[in-house]
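One structure is given below, encoded as structure tokens.
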Amino acid sequence: MTIALGVLQVVLLVIGAPLLRGIVGRLKAVLQRRRGAPIWRPYADIWKLLHKEDLVPPSASGVFGLAPLLLLVTSILATAFVPLLTNSALLGSAGDFILMVYLLAFGRFFLALGGIDGGSAFGGMGASREALVSSLAEAPLLLGLVAVAIQASSASIVGMTQWALERNFFNISAVHLLAFLALGIVALAETGRMPVDNPATHLELTMIHEGMVLEYSGPNLALIEWASAIKLGFMVGLLIALFAPWGMATTLSPAALGLAVVAMLAKMFALAAALAVIESGIAKLRMYAVPDFLGVAAAFGTLAVIFTALMKR
Amino acid sequence: MGLNSQPSLGTSDRSLFDPRFRKAGRLIAGLVAVATLGACGAGGRSLLNSEVRKLNPSLLAPFPFTFSLDRLGFFFLILICAVSLPVALFSVSYVRRHYSAARQKWLWALLFLFVASMAGVVAASSGFAFLVSWEIMSLASAGLILIEGSSGDRRHNLFIYLLMTHAGTAAVIAAFLVFLPHSHSLDFAAIRAAGATLPPGVRMALFLLAFAGFGTKAGIIPLHLWLPRAHPIAPSPASALMSGVMLKIAVYGFVRFAFDFLGGGPAWFGYLVLVAGAASGLLGVLYAIAEHDLKRLLAYHSVENIGIIYLGLGASLIFMAHNARVWAALALAGALLHTLNHALFKSLLFLGAGAISDSTHTVDLEKLGGLQRRMPVTGAVFLIGCCSIIGLPLFNGFISEWMIFRSFLGGSTLLNTNAQTLLPLMAGVLALIGGLAAACFVKVFGVAFLGRPRSQEAEHASEAPLSMRAGMLLLAAACVAIGIWPGGFLRPIVSLAQSLVGAPAAPPETLLIASVIPWVAAAFLALLAVVSVLKRAKRQTPTWACGLPGLTSRMQYTSTAFSKPIRFVFGRVYKADRKREVLPADQPYFPGSISYHSVRTTSYERLLYRPFVEGVVAAANQLRRLQTGNIQVYLLYIVVTLVSLLLYLRFAG
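First to last, the sequence lines map onto chains P and Z. At position 312 of the first sequence (counting the first as 1) the number is 312 in our numbering, and the numbers step up by one without a gap. At position 11 of the second sequence (counting the first as 1) the number is 324 in our numbering, and the numbers step up by one without a gap.
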């Protein structure tokens, strides 16, 4: 039963992720007084791309085609760590946050290689910038998770969620606020959102993620788009599970599950709205201001770990 | 049984020397292989129980000259064999293609002597045997460097290597001598017995000597100066052995001293090792990113990985000082596994660099590119090496880094504020090291193997010959095997670590990772199969070049360009010496030519080594005044010495 539920959660997140992206896009449009595309648009995009021809640059090797596959597979595997409706996940208790973080790194590594494999200037540029951002984002991500893990005395995501579930909103510590800020900043960087990267532009001065995937087309691009949607859904799900898991079903009764679905959707919508506000309200940072931004996240993460240690005494 | 590999290695190099036995070379190589495998098998069994095998050729030597293998020795013997065998296989073609017949003989002889001496170090059970093997190891590796030629530059780098390695050896000898008054013998058993009852001051001196001595050989910053100089100029199989195995022998020596002989110590031992590891890891990877000579880059990554190993060793020492033995076992097992892993993937990467230079005659990343299409097998195994070294899941580097991460988390359970804050924070440092290493290997693989070729040589590269591919494939297979089925490899290593730190139980985390990783691997493959259904037939088409005739390789990001953002952000670390010359000088706005020259990582030499060398030279100049060359003065010295000794005996005795 738990396995079935775990598979269901993964499928829900993988299938539902493009919708979240569509909602963010729509909310941004509303905030900017535009009409905006329908929220189902990302599905249509993926469907369209999946039926197109796969165009490959002549210099590309097998890595070019392998990268999107590996990116999607590792993104899906990462979602298996996140509890959504009940506090259980396929890998949520057996695997720990380190494995989860490094699975994400796996996909990123290959996508950057794929970008270079195109043999054009933009792919290398995107890969180089992505290498900078992701290498600096890894430390704050892990530090934030370490702080929460020490508080919860558990390295598994399910254990950390359980710890938060047993407390109410006002009872979880200030450490969580710091860790949340660290992880929130990293989430913006990891998913290629403002102010680190602008997903809506193809301006060579600014693009990071889009530069990397510029040579991709057809099904390859569909896989990449889908994977980045999943990554967004994963990050949102992770933040909810770690910092605001209340409302998850504790029993498997239909009523509890229904409530959990409603609570999860509401929280996801709230985070999507927050993301839309951030993206509409903040300009993109200059390339070399991004390390400072991530440095702030690292400082939050470091403080979170230090306070955790001091509070444990 | 386990020692069988030793004599056969010895005979084989003599046989290769002899022209009559040239035909028999293959047979002997086969025998060596079988003996090595036998040693591995015997070692694998012996890792689990604690029986000790002995060999005592003391009759041949004036000093106790004994060899025996305990579990720690066996572990490192397996490591040596597991790397040497594929390297030897690789060398079969490589050596034949690169060197004249006379040099080939020297190379094989020195290579086997090198391997045998390293096996001698880990098998030694007395200080004398240890030091003799250690010295042969250093000299054989120096000889291997000379095989490639002896230009002035090369001799200068070799001199620095020999100087530093002997400074390290001096510290190791001093460490043994400090033991002597307490153990009354250089036999390891006596040393071990004395280690438990040392006064704190002696313990501290011993630890510092071992740390500096073995740290020099392992290449921890700031004692790493020789490493990026010596490794790149050795023949590729030798660099693989030097980086993959010889550095591990230094780790062995440190573990032997710090854990086996001394049995840990006060917590600051651990903090010292931890900080040294963090500094080596971070600076090593940052220097590596700035390099575009592939072998120098890999050498700096050895500094980084030794840093990671020292992070694990330091954490283990801290846990031991706070009597958290199970956590200490986890950290030590992580460090030992990372030692094995680094031996495998680093020698794989160095062999890959050898295959590249074999095919393109360069290891300069700026002249490579597009090799994946021309050398698919080399590219695939090199990619496996890259994935392993940056610690991606399903590859071996992840398992050991994971264990070190988890032991850092365990630091929060200690009842000591320093350990509670510092150890979890080290997780952040390790993550930063991992992230930067990933960036670096995106650069290495992306620039060397992907995209368009940047030179004629790279354009016409061809796949490496069979034996070279076979050697690399063996190492790659080992990397993947440990990565997806860690359980089988962890059990003996954890039990070894347990016995070294005296842990009552195996850390539960190791069982966790051993059980979850195969499932993740299975899920990964299943998902990969499912997702590949979505792929379509592909069609090659040129990239749109903004209306220009077409993209050229000059439009690609180079290695230097790729690393520029990271070098910019960490600019303080590099302190580059930049020289810009504009010719002619009186026309700054319309110059005829501009030359730009940038040298990095010189601050160690300038700030640390230069004053030291100048101090030594100044002291030597002062001492020279004693040497007048006048025989009466020397007679006076003798009389003064004699009288003072007599006075000492009269009043002190």
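Positions of the beta carbon are idealized from the N, C-alpha and C atoms, including for glycine.
- For R893 of chain Z, DSSP records a beta bridge to Z:Y909.
- For W798 of chain Z, not one C-beta of chain P is nearer than 7 Å to its own C-beta.
- Excluding its 5 nearest sequence neighbours in each direction, A78 of chain P has C-beta neighbours in its own chain below 7 Å: M100, L103, L104, F234, listed in chain order.
- For the pair A488 of chain Z and N636 of chain Z, the Cα-to-Cα distance works out to about 26 Å.
- Boundaries of the beta strand (DSSP E) around D54 of chain P: 54-56.
- Contact between L611 of chain Z and K680 of chain Z does not hold, since the beta-carbon distance rounds to 17 Å and is not under 8 Å.
- At a cut-off of 7 Å between beta-carbon atoms, F106 of chain P makes contact with chain Z.
- In the three-state DSSP reduction, K851 of chain Z falls in the strand class (E or B).
- Buried is the label assigned to M688 of chain Z, since at least 16 other Cβ atoms lie within 10 Å of its Cβ.
- Positions of the alpha helix (DSSP H) runs, each at least 4 residues long and wholly inside the region 658-711 of chain Z, are given as 684-687, 689-702 in order along the chain.
- Using a Cβ-Cβ cut-off of 7 Å, D45 of chain P does not count as an interface residue toward chain Z, since no Cβ of chain Z sits closer than that to its own.
- Taking C-beta atoms under 8 Å as the contact rule, P766 of chain Z and G682 of chain Z qualify, at a distance of about 5 Å.
- Rounded to the nearest whole angstrom, the C-alpha separation of A270 of chain P and V277 of chain P is 11 Å.
- Leaving aside the five residues that flank F169 of chain P on each side, the residues in its chain whose CB is nearer than 8 Å to its CB run, in chain order, A244, W246.
- Taking 7 Å as the cut-off, the beta carbon of G759 of chain Z is found no closer than this to the beta carbon of L69 of chain P.
- Between the alpha carbons of P291 of chain P and L643 of chain Z lies a distance of about 34 Å.
- For S61 of chain P, at least one C-beta of chain Z is nearer than 7 Å to its own C-beta.
- Scanning Z:L779, Z:E617, Z:Q811 for the CA closest to the CA of R409 of chain Z turns up Z:L779.
- The beta-carbon separation of T86 of chain P and L5 of chain P, rounded to 6 Å, stays under the 8 Å limit for a contact.
- Pairwise C-beta distances place the region 410-418 of chain Z out of contact with the region 374-389 of chain Z, as fewer than three of them are shorter than 8 Å.
- Taking the beta carbon of M194 of chain P as reference, no residue of chain Z falls within 8 Å; the closest one sits roughly 19 Å away.
- Proximity of chain Z to E53 of chain P at the Cβ level (cut-off 7 Å) is accounted for by R849, R852, in chain order.
- The beta-bridge partner set that DSSP reports for L735 of chain Z is empty.
- Identification of chain Z residues near R129 of chain P by a Cβ-Cβ cut-off of 9 Å yields P878, ordered along the chain.
- Within the region 77-97 of chain P, L77, A80, L90, L91, A94, G95, D96 place their CB atoms closer than 9 Å to a CB of chain Z, listed in sequence order.
- Listed in chain order, the alpha helix (DSSP H) elements of length 4 or more contained wholly in the region 26-110 of chain P are 41-50, 62-79.
- Checking the DSSP bridge columns, you'll see S439 of chain Z partnered with Z:D500.
- For the alpha helix (DSSP H) assignment, the uninterrupted runs of no fewer than 4 residues enclosed by the region 419-503 of chain Z are, from N- to C-terminal side, 440-460, 465-496.
- Nearest to M868 of chain Z by alpha-carbon distance, out of P:H202, P:I116, P:D96, is P:I116.
- For L809 of chain Z, the CB contacts under 8 Å within the same chain, skipping 5 residues up- and downstream, are L360, R384, L385, F388, A646, L649 in chain order.
- A direct Cα-to-Cα measurement between A858 of chain Z and V63 of chain P gives close to 22 Å.
- Chain-ordered, the chain Z residues with CB closer than 9 Å to the CB of Y288 of chain P read P878, F881, V882.
- Residue pairing from DSSP places A249 of chain P in a beta bridge opposite P:T86.
- The three-state secondary structure of D606 of chain Z, taken from DSSP, is strand.
- The Cβ atoms of L587 of chain Z and G627 of chain Z lie closer than 7 Å to each other.
- H655 of chain Z sits in a helix when the DSSP states are folded into three classes.
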